[in-house]
Structure formats: structure tokens, C-alpha cells
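Participant:
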Amino acid sequence: MSAHEKFNFQTLSGLRGKIEALAADIRLQEDLSPLGARVRVGGKETPNAIAVLPMEGCDSLPDGSPSELVERRYTRFASGGAGLLWWEACAVVPEGRANELQMMLTRENLPKFAALLARTNAAAAEQNGADHHPVNILQLTHSGRYSRPAESGPRPIFPQHDPILDARSGVGPDDPPVSDAYLESLPERYANSAVLAREAGFDGVDLKCCHRYLLSELLASHTREGRYGGSFENRTRLLVEILRAVRDAAGPDFLIACRFNVFDAHPYPYGFGCDRDDLWQFDQKEPLRLVRLLCENGAALLSNSAGNPYYIYPQVTRPFDVSSTGIPTPDEHPLTSVARLFSFTRLIQKEAGPVPVVGNGYTWLRQFAPNAGAANLADGACRFVGFGRSSFAYPGAPRDILQKGRMSPEKCCITCSKCTQIMRDHGRTGCVPRDGEIYAKLYQTYREAAALRE
Ligand SMILES: Cc1cc2nc3c(=O)[nH]c(=O)nc-3n(C[C@H](O)[C@H](O)[C@H](O)COP(=O)(O)O)c2cc1C
Ligand code: SF4
């Protein structure tokens, strides 16, 4: 019998019983006050310890600027009351977009971002009190192997051949890996985007290094030759060069964050943070070295993630009840997957010391997520509790947690993976069951179009 089970808990004690039966390292507490504590991030302070994790909607306008759906999403997030708003993946170069509607900030469209930020900040204050000023971080990305800048199909820019991922990502056996010269051009592009983000009113940028996009895959490029492959120093070189370029260009008071994979669940020599003989065995040595490197170079905020959402183990990134089409249900209880994510954050926060780390993996716990989050904060196992899919489904959850002391079960994300399915079908995404007015119809349309392509 599979160890996987769907969420089926009515009470905290029921959930606690299952956690104990599985011996999963998850603590729950009833006192939710740690979630309301202000958190210092560099020279800024957030009004509480709840974060909206980056959640891309694949729904910007073709020039990368915010569409009506983007405006709606961030107004809902900001109104919801989280102290930290981590904006979604925003491409630093057109060829690095993951889809033709991925967000992209340019000199030309900067006024639209500035206007949107002004409106979302106003909405945050209007709904949560005049002194509620969330910290806004923009995630900068290059999609690398998963670049698909036009509808016509994938245009992978990959650091090394990978026998497992090549065929799945449109890389042919004779295609050349990205050149060192191209990689060397990127720090300036990240720096440009950071300067624009600052002008638009963001408090900082994240150098996205997770989920096997370009910087994340580089961390694992053991077989790549040249300056950016092989040794740990080479595999982290581009990330550090970008970090320094961004700091020099945007100034010391502009926050630099990094959301990075600590564990790829991918075999050596193609995965990061994995034991050489067993891809399911976490090897902490290099991830901890990476944390030290990031902190020494001025990173003010970290968020750890794991796994590859494009591969067959998405539970490593986001524990779920139902997987998307063609993805097997794992032989692992979602609580075990949640505990794995919590354990990574605990470790990273310990290494990062005063630098705050945003934890994730909470959404599967539904209305009991605040109990786990408060316990992790109280234990010093993270400084922020981050909500990903929950923010799509239930953007007002932070306010309900902080003001009412509870989340409403009927508004919670049910981890059905339909938002992921829309992404896989190359559509504009959001929550299908909880925001059905917009996304139920879109889901159906994209599914039908995908069926015709299959
Ligand atoms: C539809 C969708 C879009 C996402 N977009 C991003 C993104 O732009 N950047 C990122 O770092 N993670 C992204 N993620 C991952 C989430 O931020 C988060 O790590 C993951 O969903 C686990 O957190 P949760 O259990 O709270 O959902 C996305 C996830 C989903 C399902
Ligand atoms: S579609 Fe909605 S309920 Fe389903 S996983 Fe996504 S956010 Fe959660």
C-alpha cells in the first residue's frame, strides 16, 4: 500500500496523531503570536512574520508589464496582510523567459511597475492599517534549460547535458551547452534589472537559484568544463558575480535575497545537495557552504526550496494531494515531504544566523499551517513562514490568522495541482477551485487545447 494519503484532518490533535505515527519532525503549537512579530530584514522591518512566496501567473503582457490579472493578484496578496511580498519570477533577458507572458521589467515599462507597486502598497495599508508597510522583493530569473520565450516551443539555454532531463526539456544530443561568454554577460543584466526594480519602488531583488532554472542547474554542473563548471567555486561563480554586480549597481541599502535549492533530488553528477550514491540522501556540505558564501557577500534574506517542479518528484518542492497529469503519486506521505522542507529551513536558518530565512511547505497543512509556522518561528527554525499555493487560493489568510487567530478550512488550498496543470498547459494560472470565477473556465480551455496537441 502506498504511503501517500490525502489531507483528512478535522482537528489539531488528529493531525498531531498522524505526525507522531509517522515520526515526522513537525511541531504544532496553539499560540500563534510568533506570526505577528515584526522581522528585521537588512535595514528594513516587516510588519509580521508571514510571507507570500513567489507565485507566477504566466499572465503578464507580451512586453512583460503587469496585466489586469497581475494587478488583481498582487492587490489581493497585498490586501491579505502578509509582511513580506516576494514577487514572482521576472526575467532579466527576453531569451530567458519561461513563457511568452513571463513578467519582465524594462526601462520602457518601469512606470507601470511603479504605479502598480504604489497601488498595492496603498491597498496593503488600507486593509491592514496605515502603519502596515510590507517589504516587496522582486524575484529575478533566467529560465535556463526551461526557457520558452515564444509560443513556438522550448529554447533551452543549458549549462550541461543531463541524460535524464535533456529529452524532456527539448535538448538534443548535439546541442551545445551555453558558452562562458554568454554567462559572463549576465551579471550586468541582473544589475540592470535590480536598478530598475529599485527605481520602481521594490525594496530588494531575489537572485532566483532554485527549481533547476539557470543558476540552480549551474550549482549542479559538475560535468561542465571551464570557469562555471566542476569545482564548487566554479559552480557558484556566476551567482557570486551576479550578487556583487547587483550590490555595486543598486547600492548597499537595497536588499539582495536568494531563493535557492538546497536539494535537487536528482542523481550525481547532475544534482545539487544529493549524496553521490543515493539521490534521496541529502548531503548538507555544499548547501551550507553556499549559505556562508551568500551571507559573506551581503545577502540579506534567504529562502530555501528544493526539487525540480518539471520532473517526476514535485512533492519535493510542493507536497500535494493530487498530482498533475502524467506525474506519479509518490510513495511518501505528504507529511514526510512537509517535514523534509521544514528540516532544510531549520538547517539553513541555523547556518545563516542573523540573516532571516523564509520557510516553505506549509500549504498542504491547510488550516493547521499557522500552528506549524508558529512552532517553527518559536523554535528559531525560520524567521518567516511562507505561503505559496495558499496565497493563490486564500490571499486573505494572513489577516485571518493575525486578526481572527484562525484560517477558514473552506477557503484553504486543497493541493489539487490544477494551478500547476495550467502552467504545464502553457496557460495563465491561478486557483481553479477557490477562484473559479476566473480560473475554472481558463483551466478547461487550456486542458482542451492541450488534449488536441497530445
Ligand atoms: C503555479 C505555481 C507558480 C509558482 N511560481 C513560482 C515562482 O515564480 N518562483 C518561485 O521561486 N517559486 C514558484 N513556485 C513555488 C512556490 O513558491 C512554493 O515554493 C511551492 O508552491 C511550495 O509552497 P506551498 O506548499 O506553500 O505551495 C510556484 C508554484 C506554483 C504551484
Ligand atoms: S488550483 Fe488552487 S487549490 Fe489547487 S493546488 Fe492550486 S492553489 Fe491549491
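Per the working numbering, residue 6 is the first one in the sequence shown, and the count goes up by one each step.
Idealized CB from N, CA, C, for every residue including glycine.
#1: May I ask which residues mark the beginning and end of the alpha helix (DSSP H) holding D253?
#2: Is any heavy atom of ligand 1 found at a distance shorter than 7 angstroms from the C-beta of K213?
#3: Out of A374, P164, P438, which one is the CA nearest neighbour of Q5?
#4: Check C300 in the structure and name its three-state DSSP category.
#5: Specify the secondary structure class of F287 as computed by DSSP and reduced to three states.
#6: State yes or no: is the C-beta of P314 nearer than 7 angstroms to some heavy atom of ligand 2?
#7: When the Cα atoms are used, what is the spatial distance from K49 to F389?
#8: Ordered along the chain, which non-local residues of its own chain (more than five positions away) have a Cβ less than 7 angstroms from that of Y218?
#9: Would the region 160–170 and the region 67–79 be scored as touching if the rule is three or more Cβ pairs under 8 angstroms?
#10: Rounded C-beta distance between I247 and Y316? I'm assuming under 8 angstroms.
#11: In chain order, what residues of the same chain have a beta carbon less than 7 angstroms from the beta carbon of P192, not counting five sequence neighbours either side?
#12: Is R394 near ligand 2, with its Cβ less than 7 angstroms from a heavy atom?
#13: Among the residues of its own chain, which have a CB less than 7 angstroms from the CB of A380, if the five just before and after it don't count?
#14: With burial defined as no fewer than 16 other Cβ atoms inside 10 Å of the residue's Cβ, what is the status of W369: buried or exposed?
#15: If you draw a straight line from the C-alpha of T434 to the C-alpha of A445, how long is it?
#16: Just jot down, in chain order, the residues whose CB lies closer than 6 angstroms to any heavy atom of ligand 2.
#17: Only counting the same chain, and skipping five residues up and downstream in sequence, which positions put a Cβ closer than 6 angstroms to that of A155?
#18: If you follow the alpha helix (DSSP H) that T350 is part of, which residue opens it and which one closes it?
#19: Quick check: what's the CA-CA separation for L115 versus F277?
#20: Comparing C-alpha positions only, which one of L352, H216, C387 sits nearest to P319?
#21: Residues in its own chain within less than 6 angstroms of T228 by CB, not counting five upstream and five downstream?
#22: For E93, which of helix, strand or coil comes out of DSSP?
#23: Taking only heavy atoms of ligand 1 into account, decide whether any of them is closer than 7 angstroms to the Cβ of S310.
#24: With H, G and I counted as helix, E and B as strand and the rest as coil, what does DSSP make of Q372?
#25: Between which two residues does the alpha helix (DSSP H) carrying E204 extend?
#26: Going by DSSP, which residues form a beta bridge with F12?
#27: Please go through the region 14–70 and give each complete alpha helix (DSSP H) segment of 4 or more residues, from N-terminal end onward.
#28: Can you tell me which of the three DSSP states C279 falls into?
#29: Who pairs with T425 in a beta bridge, going by DSSP?
#30: Round the Cβ separation of C436 and A398 to the nearest angstrom and send it over; I've been treating them as touching at under 8 angstroms.
#31: Drop a sphere of 10 angstroms on the beta-carbon of V343, count the other beta-carbons inside from all chains shown, and report buried for 16 or more, exposed for fewer.
Facilitator: Quick look at the numbers:
#1: Working through the sequence shown from its first residue, we reach residue 253 at position 248. Residues 237–255.
#2: Start at 1 with the first residue of the sequence shown, and residue 213 comes out as number 208. Correct: K213 has its Cβ closer than 7 angstroms to ligand 1.
#3: Residue 5 lies beyond the stretch modelled for the chain, which goes from 6 to 459, so this question has no answer here.
#4: Here residue 300 corresponds to residue number 295 of the sequence shown, with the count starting at 1. Helix.
#5: The residue given as residue 287 occupies position 282 in the sequence shown. F287 falls in the strand class under three-state DSSP.
#6: Counting from one through the sequence shown, the residue named residue 314 turns up at place 309. Not under cutoff, so the answer is no.
#7: For the purposes of this step, residue 49 is identified with residue 44 of the sequence shown, where counting begins at 1. For the purposes of this step, residue 389 is identified with residue 384 of the sequence shown, where counting begins at 1. Looking at the two C-alpha atoms, the distance is approximately 14 angstroms.
#8: As a first step, residue 218 must be located in the sequence shown, where it is residue number 213. T146, H147, S148, G149, Y151.
#9: no
#10: In the sequence shown, the residue the question calls residue 247 occupies position 242. In the sequence shown, the residue the question calls residue 316 occupies position 311. Not quite, the Cβ-Cβ distance comes to about 25 angstroms (not below 8 angstroms), so this is no contact.
#11: Numbered from 1 along the sequence shown, position 187 holds the residue referred to as residue 192. Correct list, in chain order: E246, I247, A250.
#12: As a first step, residue 394 must be located in the sequence shown, where it is residue number 389. Within the cutoff, so yes.
#13: What you label residue 380 is simply residue 375 of the sequence shown in a count that begins at 1. Cβ neighbours of A380 beyond the five flanking positions: R32, L33, Q34.
#14: In the sequence shown, the residue the question calls residue 369 occupies position 364. Looking at its Cβ environment, which holds 16 or more other Cβ atoms inside 10 Å, W369 is buried.
#15: For the purposes of this step, residue 434 is taken as the residue at position 429 of the sequence shown. For the purposes of this step, residue 445 is taken as the residue at position 440 of the sequence shown. Going from the Cα of T434 to the Cα of A445 covers about 10 angstroms.
#16: R394, F397, A398, C418, I419, T420, C421, S422, K423, C424, C436, V437, P438, R439
#17: Residue numbering aside, residue 155 sits at position 150 when the sequence shown is read from its first letter. These residues qualify, in order along the chain: E105.
#18: Locating residue 350 in the sequence shown gives position 345, where the first residue counts as 1. 339–357 is the span of the alpha helix (DSSP H), which, as asked, contains T350.
#19: Stepping through the sequence shown from its first residue, residue 115 is reached at position 110. Stepping through the sequence shown from its first residue, residue 277 is reached at position 272. Using only the alpha carbons, I get a separation of about 35 angstroms.
#20: Counting from 1 along the sequence shown, the entry for residue 319 is found at position 314. When each option's Cα is compared against that of P319, the closest is H216.
#21: Numbered from 1 along the sequence shown, position 223 holds the residue referred to as residue 228. Closer than 6 angstroms at Cβ, skipping near neighbours: Q165, P274.
#22: Along the sequence shown, one-based indexing puts residue 93 at 88. It is a strand residue.
#23: Your numbering for residue 310 matches position 305 in the sequence shown. Indeed, a heavy atom of ligand 1 lies less than 7 angstroms from the Cβ.
#24: By one-based count along the sequence shown, residue 372 stands at place 367. Helix at Q372.
#25: Indexing the sequence shown from 1 puts residue 204 at position 199. From DSSP, the alpha helix (DSSP H) with E204 extends over 185–205.
#26: Sequence index remark: in the sequence shown, residue 12 carries index 7 (1-based). Paired residues: none, contrary to the question.
#27: 17–27
#28: Here the question's residue 279 lines up with position 274 in the sequence shown. DSSP places C279 in strand when its eight states are reduced to three.
#29: Locating residue 425 in the sequence shown gives position 420, where the first residue counts as 1. Paired residues: none, contrary to the question.
#30: Reading the sequence shown from its first residue, position 431 is the one you call residue 436. Reading the sequence shown from its first residue, position 393 is the one you call residue 398. Contact holds; Cβ gap of about 4 angstroms.
#31: Reading the sequence shown from its first residue, position 338 is the one you call residue 343. It counts as buried.
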